Amino acid sequence: MIEQLKLATNWEERYRLIIQAGKNLPRPSDNELANMQSISGCEAQMWFQIAPQNDRTFQFSAFSEARIMNGLLWFLLEKINGKTAEELSEFDLSAFFTELGIAQRLSETRLNGLNQIGQQLKQLCI
708 MIEQLKLATN WEERYRLIIQ AGKNLPRPSD NELANMQSIS GCEAQMWFQI
758 APQNDRTFQF SAFSEARIMN GLLWFLLEKI NGKTAEELSE FDLSAFFTEL
808 GIAQRLSETR LNGLNQIGQQ LKQLCI
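Counting with the numbering used here, you get residues 708 to 833 for the letters of the sequence shown.
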């Protein structure tokens with residue numbers, strides 16, 4: 708689906724793909740949400756969780772009350788899940804959303820929430 712988004716020729720097509728991707732992001736239970744970190748700075752409530760794995764990789768979970776954010780989070784998780792700290796240190800969140808052709812369409816508050824996650828990724832690499 709990442710390749711489809713990159714190849715989309717207009718914003719309406721990208722928006723549809725983002726919303727569709729968000730439907731693939733499972734809604735955590737209330738108990739799971741309580742154990743996730745709340746992310747501030749975004750228009751809608753958003754949660755993020757980092758789970759270190761035995762093989763030195765990380766698995767991430769995220770969820771938002773906003774459909775478009777869930778789509779953005781789904782694309783992000785597809786890109787970063789299963790990566791090591793070294794691999795994550797090379798990941799550029801801003802460049803990723805630019806490559807997808809959506810960075811210029813994101814509101815400041817959506818970017819704030821995503822940048823909060825980007826900061827947490829950087830902390831893993833220190």
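Even for Gly, the Cβ is constructed at its ideal location relative to N, Cα and C. If you're wondering where the values come from, they're calculated on a predicted model, not measured in any experiment.
Item: Among 736, 767, 735, 745, which one has its Cα closest to the Cα of residue 786?; Value: 767
Item: Tell me the residue span of the alpha helix (DSSP H) that contains residue 715.; Value: Note, residue 715: premise wrong, no alpha helix (DSSP H); not H, not E.
Item: Which residues in the same chain have their Cβ closer than 6 Å to the Cβ of residue 828, if we skip the five residues on either side of it in sequence?; Value: 795
Item: Per the DSSP calculation, residue 765 is bridged to which residue(s)?; Value: 759, 790
Item: Taking Cβ to Cβ, would you say residue 824 is nearer than 8 Å to residue 775?; Value: no
Item: Taking just the CA atoms, how far does residue 784 sit from residue 743?; Value: 15 Å
Item: DSSP three-state label for residue 746, please.; Value: strand
Item: So what's residue 782 in DSSP terms, helix, strand or just coil?; Value: helix
Item: Have a look at the DSSP bridge pairing and note the partners of residue 753.; Value: 746, 771
Item: Can you give me the Cβ contacts of residue 700 inside the same chain, cut-off strictly under 8 Å, excluding the 5 residues immediately before and after it?; Value: The structure shown does not extend to residue 700, since the chain is modelled only from 708 to 833, so the question has no answer here.
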